[in-house]
Structures are given as structure tokens and as C-alpha cells.
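Enquirer: All letters in the sequence shown, in the order written, are residues 1 to 394 by UniProt numbering. Where a beta carbon is used, it is the ideal one built from N, C-alpha and C, also for glycine. From a predicted model like this one, the values you see are computed outputs, not experimental measurements. Before I ask anything, here is the structure I am working with.
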Amino acid sequence: MVEDMFEHFETEAIRIQTKRTGEKEHSTPLFLTSSFVFDDAEHARALFAEEVTGNQYTRFSNPNTTELIEKLCALEHTEDGIATASGMSAVFTSIFGLVKSGDHIVSARAIFGSTHQIFANILPRFGVTTTYVDMDKPEDWESAIKENTKILYIETPSNPGLDIVDLEWVGTLCKKKKVILIVDNCFCSPYVQRPADFGADIVIHSATKYLDGQGRVIAGVILGKKELIQPIRYMARNTGPSLSPMNAWIISKSLETLAVRMDRHAENAMKLATFLQESADVELVRYPFLPNDPGYAVAKKQMRSGGGIVSFVIKGGVERAKKFLDALKWFSLTANLGDTRTTVTHPTTTTHSKLTEEERLAVGIKPGLIRVSVGLEHIDDIIVEVKQALVNSK
Ligand SMILES: *Cc1c(COP(=O)(O)O)cnc(C)c1O
């Protein structure tokens, strides 16, 4: 879409911008308009015939969503993309734009809850079935791919267990089997990990998380190869999951600070993970950049940092975990993540409570597992808060 004008992530995230209007504004203005005027009857005809490109109607495109997509294509190393009203509409639209009745999907078992609902309960109504595979049994993945398998779907690191999938390995497998690889890159953002560099065909985001990073809006994006975005765009244009210009404007502004935010999230997360690992009240810590983490070697290969999420298992199971949450003085108890504010979740009793105990254990969710989305507050204050809650939850 955009010429490769800049060499560095930070410059692209700040300087890729919608062309200035006649007012010569410095910062990109907000284009709150549902439609756009045509120069004349012939221009209208040519736009509708797709002989020329340009804005017609905000359900199709708008300067604010176009700017956001142009930036993210540069940052994710992808050719084209679509901005959607939520992360889930990005998941739904990308899959429904690509599959037909009779198709099959292979998915990692550890995926976002609503994505699992689409695979388990919605797609089967349209004749599309899904086989789940486990991160710790890579030998199963190739045999799960059948004649009619269209998509292989993963998240890495997984939520909330923080297991890592080797992107180079899965990218090579999908190329060999001619299967479309979709990666939900929400936990990393393109600053930490670029799945397209390892062979991902489609990269999706809940932009609600790190891309906004300040807990203000719900949004999603679908990015990928031109020829795959084409059928997804057809689906999006006609079914209307479009992102509002206002929210696109907010997220495009947020991308200007993504690199500095992600560096600090990761620095704080690494320090918190190291502290937790030394605590006698903690059974297990998962953070991809801890040298003794099972995902460490692969994470080092494909991620710039360990990201901002730390999961740990507190000794004492569900009861102790709930006491720990109640002992926190200022961390936010919320299911959201990727915020400047540190947020804490107990998956067993909230986000993953609909799963059976066995299903939870299969994706690494022990009863005492607590997920921390480490914020940008001072790390010393973060550690003091965790330390007092560990003491006061005994
Ligand atoms: C939050 C999230 C989603 C869903 O995004 P929404 O913006 O809430 O619709 C999808 N995938 C992952 C990994 C998420 O964390």
C-alpha cells in the first residue's frame, strides 16, 4: 500500500500519515463523514466499477481507517488490511471471508474464549468443522491437516498460559500443506513479533489491547497478503463490521507511542516475573523471556521481548487466588489487558469458568493461576503491591 519510505519501526509508526488537506494541519484530523462526494457522474461510475480508487462511503473506507491500515501494514510487513469494529469481528470476518461449507480448520487448543465459541458452536452450523491440536504435541499437527483443511489458526504466546508456538516451524508446515496460516498477534503487537516474517498469511489483532494501550476503545484489524484480503474485504464491505473513524483516529495516534510503551511493559514484566520466581508463595511463573521457561528458546528466536503479560500459580489454589485478588490495593481487577494500568485476572473463576477443569488443565490453567497484564506504573510500586497481597492473602 505505502512505499517503503522509512527504515525503522518508530518512524513508520509516527510518520505514515494521511495526506494533508488544504488546511495544512500538522496532526491528522478526524474525518467524521459517512460518505464522500464524487467529482462528476463519470467519476462516480468509475469508482463503483472499481476502475479508480477513492473514498465512497465509510463502510468501505475512510481516511482515518486507511491511515491506520497503512501504518499497520508497514509495521506488520503485510500488503493489505481491513479495520474492524472489534477484535472478534476481525476473527469472524477473516474466517468467514475464507471458508465455505465442507471446509475444515485446525486450531491450537489454547485460544481466546470467543474464538473458541466460533469454532465450536457457530461454524458447525455452516458445515465447517475444527480439530484442536496441543502445543506440547507438535507431531499431531501435520496429521490433523486433511484434504479439506483450509486454515490453521494460532495465538502465540497463548492466553493465559503463555505457551509459545514456533512460528517458523508452523509457517513451513502450512506452506508445505498449502493451508492458510492465521495468527492472532494481540499479545505481542508488531513491535514484539511479526508473524508474517515467519510465513503467516493473515495476522489479526484485537486493537483494543496494546495497539490502543490505554483501555479506551474496542477495535480490530485484519492484515495479510493482497489475494487473501480480497475475499475478506468482499465479506467486510457487504456485512459491515467497519471501524468508526473516531476509533481509528485514536488507535493511529496510539501507534505513535507503541514502541516506547512495549519496551517499558516488557522491562516491568521481566522484573515482576523475576521477583515472583523467588517468592516462596508462588508455585510456578510463566514468562517467555525467563531463561528457565519452556518457551524461552523459541521466544528468543521470534520475539523482541517477552511482552507485558506474566502468569503465575499461587500456592493454595482457587481460595488463595481469590484472597490475593481481594488483598490488592490498587491493581485493577478486570478481564482487559494491554493497558497502561496493571490489570489482574483469575481465569479459573472468570474468563475460563465455562471450561471444565480438565479442559482448563489441558491449556495450562491451574486453579491458582493468576494473569497479570503489567502496566507502565513504576516497577518498585508494582512489586510492593504484589508483595503485600502475597503476605495479606495467607
Ligand atoms: C481480547 C482478545 C480478542 C477479542 O478482541 P475484542 O477487541 O475484545 O473483540 C481476541 N483475541 C485475543 C487474543 C484477545 O486477547
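Taking only heavy atoms of ligand 1 into account, decide whether any of them is closer than 7 Å to the Cβ of E76.
Expert: no
Enquirer: What is the DSSP secondary structure of I204, counted as helix, strand or coil?
Expert: strand
Enquirer: For G87, is the beta carbon positioned less than 7 Å from some heavy atom of ligand 1?
Expert: Checking the Cβ of G87 against ligand 1 gives yes.
Enquirer: For ligand 1, is there a heavy atom less than 7 Å away from the beta-carbon of C188?
Expert: no
Enquirer: By alpha-carbon positions, which one of Y210, L243, N292, M246 ends up nearest to H265?
Expert: Nearest to H265 by C-alpha distance, out of Y210, L243, N292, M246, is Y210.
Enquirer: List the DSSP bridge partners of I151.
Expert: I105, I180
Enquirer: Going by Cα to Cα distance, which pick from G215, G220, Q214 is closest to V203?
Expert: G220
Enquirer: Across the segment 58–76 and the segment 17–33, are there enough close Cβ pairs to call them in contact, namely three or more that are closer than 8 Å?
Expert: Yes: at least three Cβ pairs fall under 8 Å.
Enquirer: If the criterion is Cβ atoms closer than 8 Å, does the pair E142 and A110 meet it?
Expert: no
Enquirer: Out of curiosity, what's the CA-to-CA distance linking K24 and F31?
Expert: 15 Å
Enquirer: Hey, quick one: how far does the beta strand (DSSP E) through S311 stretch, first residue to last?
Expert: Per DSSP, S311 is one residue of the beta strand (DSSP E) stretching across 309–314.
Enquirer: Where does E25 fall in DSSP's three states?
Expert: coil
Enquirer: Compute the beta-carbon to beta-carbon distance between A13 and A259, rounded to the nearest angstrom, for a pair I have assumed lies under 8 Å.
Expert: 6 Å
Enquirer: Between the alpha carbons of G127 and N148, how many angstroms are there, rounded?
Expert: 12 Å
Enquirer: Hey, how far is the Cα of D212 from the Cα of I151?
Expert: If you draw a straight line from the Cα of D212 to the Cα of I151, it comes to about 28 Å.
Enquirer: Would you report the Cα separation of V391 and G368, rounded to the nearest angstrom?
Expert: In a straight line, the C-alpha of V391 is about 16 Å away from that of G368.
Enquirer: What residue range is occupied by the uninterrupted alpha helix (DSSP H) comprising D326?
Expert: 317–327
Enquirer: Give every residue of the same chain whose Cβ lies closer than 7 Å to the Cβ of K394, excluding the five residues on either side of it in the sequence, and list them in chain order.
Expert: none
Enquirer: Measuring only from the beta carbon, is F112 closer than 7 Å to any heavy atom that is part of ligand 1?
Expert: yes
Enquirer: Taking the alpha helix (DSSP H) that G113 falls in, what are its first and last residues?
Expert: 113–117
Enquirer: So is the beta-carbon of N247 under 7 Å away from any non-hydrogen atom of ligand 1?
Expert: no
Enquirer: Could you check the C-alpha separation between L47 and L325 for me, to the nearest Å?
Expert: 56 Å
Enquirer: If you reduce the DSSP assignment to three classes, tell me which class V260 lands in.
Expert: helix
Enquirer: Measure the C-alpha to C-alpha separation of K137 and S114 and round it to an integer number of angstroms.
Expert: Across the structure, K137 and S114 are spaced so that their CA atoms are roughly 24 Å apart.
Enquirer: Specify the secondary structure class of S143 as computed by DSSP and reduced to three states.
Expert: helix
Enquirer: Is there contact between the segment 336–345 and the segment 359–377, where contact requires at least three CB pairs shorter than 8 Å?
Expert: yes
Enquirer: Indicate, with yes or no, if ligand 1 has a heavy atom lying under 7 Å from the CB of E155.
Expert: yes
Enquirer: Looking only at its own chain, which residues have a Cβ that is under 6 Å from the Cβ of D134, when we skip the five neighbours before and after it?
Expert: R109
Enquirer: Any idea what DSSP makes of R20, helix, strand or coil?
Expert: Three-state DSSP puts R20 in coil, outside helix and strand.
Enquirer: Where does the unbroken beta strand (DSSP E) through T129 begin, and where does it stop?
Expert: 129–133
Enquirer: Among the residues of its own chain, which have a CB less than 8 Å from the CB of K322, if the five just before and after it don't count?
Expert: H346, T349
Enquirer: Going by DSSP, what residue range makes up the beta strand (DSSP E) through D285?
Expert: A small fix is needed here, since residue 285 is Val in this sequence, not Asp. Taken as a continuous stretch (DSSP letters only), the beta strand (DSSP E) holding V285 covers 282–286.
Enquirer: Just the C-alpha distance for V2 and K226, rounded to the nearest angstrom, thanks.
Expert: A caution first: V2 carries a pLDDT of 49, below 50, which makes its placement in the model too unreliable to give a value.
Enquirer: Once you ignore the five residues that flank F119 on each side, which residues in its own chain have a CB closer than 7 Å to its CB?
Expert: I105, S107, T130
Enquirer: Counting along the chain, where does the alpha helix (DSSP H) carrying T66 start and finish?
Expert: 63–76
Enquirer: Throw me the rounded Cβ distance for the Q214 and S254 pair, which I believe falls under 8 Å.
Expert: 7 Å
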